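Sequence positions in the sequence shown follow the numbering used here and run 4 to 397.
The beta carbon of each residue, even a glycine, is placed where N, CA and C say it ideally should be.
This one's a predicted model, so the numbers in the text were calculated from it and none came from an experiment.
So the structure is just underneath, and the comments pick up after that.
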Amino acid sequence: MTTAQTQELDVQPTPLALLLLGREADPRSERGVECPGDLPSASDPDLVARARAAKEKLGDKVFVLGHHYQRDEVIQFADVTGDSFKLARDAAARPEAEYIVFCGVHFMAESADILTSDDQKVVLPDLAAGCSMADMATAEQVAECWDVLTEAGIAEQVVPVSYMNSSADIKAFTGKHGGTICTSSNAERALNWAFEQGEKVLFLPDQHLGRNTAVRDLGMSLEDCVVYNPHRPNGGLTAEELRAAKMILWRGHCSVHGRFSLDSVNDVRERIPGVNVLVHPECKHEVVAAADYVGSTEYIIKALEAAPAGSKWAIGTELNLVRRLANHFAPEGKEIVFLDKTVCFCSTMNRIDLPHLVWALESLAEGTLVNRIEVDKETEAFAKLALERMLALP
4 MTTAQTQELD VQPTPLALLL LGREADPRSE RGVECPGDLP SASDPDLVAR
54 ARAAKEKLGD KVFVLGHHYQ RDEVIQFADV TGDSFKLARD AAARPEAEYI
104 VFCGVHFMAE SADILTSDDQ KVVLPDLAAG CSMADMATAE QVAECWDVLT
154 EAGIAEQVVP VSYMNSSADI KAFTGKHGGT ICTSSNAERA LNWAFEQGEK
204 VLFLPDQHLG RNTAVRDLGM SLEDCVVYNP HRPNGGLTAE ELRAAKMILW
254 RGHCSVHGRF SLDSVNDVRE RIPGVNVLVH PECKHEVVAA ADYVGSTEYI
304 IKALEAAPAG SKWAIGTELN LVRRLANHFA PEGKEIVFLD KTVCFCSTMN
354 RIDLPHLVWA LESLAEGTLV NRIEVDKETE AFAKLALERM LALP
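Have a look at this one:
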């Protein structure tokens, strides 16, 4: 892509360091890209046996967390599965585990480190397993945004609400400025709380979850929402636009859920008569508006568990989970398909594969701590404050 094209699309060129995964690191990213050590070959037929042996040798010293979007070859070794916040809390509830191996992405491992004790060590099998959404809001960009809000004379009226899918730095900013964290399950409660504290909300970093919650759940209009673009002067907004807005949405999105379109919904309804369309609230507003059901990953799983035999479902979320659910509920006569025709895994989540997991477990079993995720104490304190406000939501 040429420089002119990137400017036209309003995106930033990818740093060369990120094109050379396994080398260097990008300090502007919420995840590193260095991966030390020699990985076992992906073709090694003994990988499963090696993982089992290393996990058995570690015993209660290790607790393996598996996010729903992980591939099956990794999920089979998870002691618990779930979404990011549930897994972090599960880790905190296992103080006897010296090592927390988080099969997820970087911000999830950070949250686990924030919530677990100082004696516990959180390990991410591949440091290149990041989150493109979390990377769309850096601490420097958000600090600059706050300066813009201050210059517009509205910062004192603004309460930051940050999605769980954000870096520890963004969570700390949120805690320091009187805000709270939310998940896709409790975003409505978080926004209601925020509007009790102030007149406006700065929602980070996923514009779609913020917009969908404000309009669909709180009854706001699309005109109440503006999008702050960190790559444009003053976020691409005038002071008047900022003063008039109730929801200031950060220009971020999920690269997987953002792929689903209104055409995807219309197409699946034509192909499968009577299908129920169930999507994640990280999808675009027009997709959410056209769906039959909208909810978090846990909501999606529970909805399919309660669905009657013979029902048909098109799911708008990550493909590993959709395939797993389709296979699980097939014996019950439930037809479950991916909402889009295009195959779309979460590419960074999928960096946690069996070779990386085996390498991490065997290293720990040999007494070598690898790929530790550790949040500094000041950041941890303010991030925990924001998380505690979320836990105290009515």
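Taking the Cβ atom as the reference point for each residue, do residue i and residue j lie within a distance shorter than 8 angstroms?
{"i": "Q73", "j": "I275", "result": "no"}
{"i": "F263", "j": "V297", "result": "no"}
{"i": "A217", "j": "L194", "result": "yes"}
{"i": "H211", "j": "H256", "result": "yes"}
{"i": "H180", "j": "P208", "result": "no"}
{"i": "V77", "j": "L357", "result": "yes"}
{"i": "S258", "j": "D343", "result": "no"}
{"i": "S120", "j": "G107", "result": "no"}
{"i": "D63", "j": "A100", "result": "yes"}
{"i": "K174", "j": "A386", "result": "yes"}
{"i": "D75", "j": "R327", "result": "yes"}
{"i": "A137", "j": "S170", "result": "yes"}
{"i": "I304", "j": "T320", "result": "no"}
Taking 7 angstroms as the limit between beta carbons, can you name the residues of its chain near residue i, skipping five residues before and five after?
{"i": "A112", "result": "F105, V125, L127 and I376"}
{"i": "V278", "result": "V271, R272, K315, W316 and A317"}
{"i": "V151", "result": "N237 and G238"}
{"i": "E11", "result": "Unreliable positioning characterises E11 in this predicted model, as indicated by a pLDDT of 36, which lies under 50. A coordinate reading is not provided."}
{"i": "A363", "result": "V104, V126, P128, V373 and N374"}
{"i": "R392", "result": "T183"}
{"i": "G336", "result": "A312 and G313"}
{"i": "D172", "result": "A142 and T382"}
{"i": "N225", "result": "Residue identity differs from the one stated: residue 225 is Leu in this sequence, not Asn. Excluding sequence neighbours, L225 sits near V218."}
{"i": "Q200", "result": "V162 and G181"}
Quick check on the burial criterion: 16 or more other C-beta atoms within 10 angstroms. Buried or exposed for residue i?
{"i": "K203", "result": "buried"}
{"i": "W316", "result": "buried"}
{"i": "V36", "result": "Note on V36: pLDDT 45, under 50, position unreliable in the model; the coordinate value appears next. Classification of V36: buried, given that the 10 Å Cβ count is 16 or more."}
{"i": "T382", "result": "buried"}
{"i": "T300", "result": "buried"}
{"i": "N269", "result": "exposed"}
{"i": "A52", "result": "exposed"}
{"i": "P48", "result": "exposed"}
{"i": "G261", "result": "buried"}
{"i": "C38", "result": "Its pLDDT being 46, under 50, C38 is placed unreliably by the model, and nothing is read from it."}
{"i": "T371", "result": "exposed"}
{"i": "T153", "result": "exposed"}
{"i": "T345", "result": "exposed"}
{"i": "L394", "result": "exposed"}
{"i": "T177", "result": "buried"}
{"i": "L265", "result": "exposed"}
Since residue i and residue j are thought to touch, with beta carbons under 8 angstroms apart, how far apart are those beta carbons, to the nearest angstrom?
{"i": "P233", "j": "C148", "result": "7 angstroms"}
{"i": "L68", "j": "A94", "result": "6 angstroms"}
{"i": "L367", "j": "Y102", "result": "5 angstroms"}
{"i": "V115", "j": "F80", "result": "The sequence shown places Ala at residue 115, not Val. Contact flag wrong, Cβ pair sits at about 17 angstroms."}
{"i": "T183", "j": "A389", "result": "6 angstroms"}
{"i": "L42", "j": "H359", "result": "6 angstroms"}
{"i": "L396", "j": "N168", "result": "Actually they are not in contact, since the Cβ atoms of L396 and N168 sit about 18 angstroms apart, beyond 8 angstroms."}
{"i": "A155", "j": "L245", "result": "5 angstroms"}
{"i": "L322", "j": "F348", "result": "5 angstroms"}
{"i": "V361", "j": "F341", "result": "Actually they do not touch by this definition, with Cβ atoms about 29 angstroms apart."}
{"i": "S187", "j": "E285", "result": "7 angstroms"}
For residue i, I'd like the list of residues in its chain whose CB is within less than 6 angstroms of its CB, leaving aside the five on either flank, ordered along the chain.
{"i": "A294", "result": "V280 and V282"}
{"i": "A132", "result": "V108, T351, R354 and I355"}
{"i": "L118", "result": "A91 and A95"}
{"i": "A416", "result": "Past the boundaries of the shown model lies residue 416; the chain is included only from 4 to 397, so the question cannot be answered."}
{"i": "E143", "result": "none"}
{"i": "E191", "result": "T216 and D220"}
{"i": "E3", "result": "Examination of residue 3 is not possible in this model, given that the chain is present from 4 through 397 alone."}
{"i": "A45", "result": "P358"}
{"i": "A333", "result": "none"}
Leaving aside the five residues before and after residue i along the sequence, list all residues of the same chain whose C-beta is less than 8 angstroms from its C-beta, in chain order.
{"i": "L252", "result": "F206, Q210, G213, R214, C228, V229, V230 and Y231"}
{"i": "M223", "result": "A217, K249 and M250"}
{"i": "L61", "result": "Y102, L364, L367 and A368"}
{"i": "V378", "result": "E113, D116, I117, A171 and A386"}
Would you say residue i touches the ligand NAP, meaning its beta carbon is less than 7 angstroms from a heavy atom?
{"i": "A95", "result": "The model on display carries no ligand, and the ligand NAP is accordingly not part of it."}
In the stretch 86 to 161, which residue ranges form an unbroken alpha helix (DSSP H) of at least 4 residues, counting only runs that do not cross its ends? If only uninterrupted alpha helix (DSSP H) runs of at least 4 residues are considered, those enclosed by the stretch 86 to 161 are 87 to 95, 109 to 118, 135 to 138 and 142 to 154.
Going residue by residue through the stretch 164 to 239, where are the continuous alpha helix (DSSP H) segments of at least 4 residues, counting only ones entirely within it? Counting only runs of 4 or more, we get 171 to 179, 190 to 200 and 210 to 215.
Could you give the uninterrupted runs of the beta strand (DSSP E) lying entirely in the stretch 296 to 366, keeping only those of 3 residues or more? Runs found: 315 to 319 and 338 to 341.
Give, in chain order, every unbroken run of the beta strand (DSSP E) that is at least 3 residues long and sits entirely within the stretch 40 to 77. The stretch 40 to 77 contains these whole beta strand (DSSP E) runs: 65 to 70.
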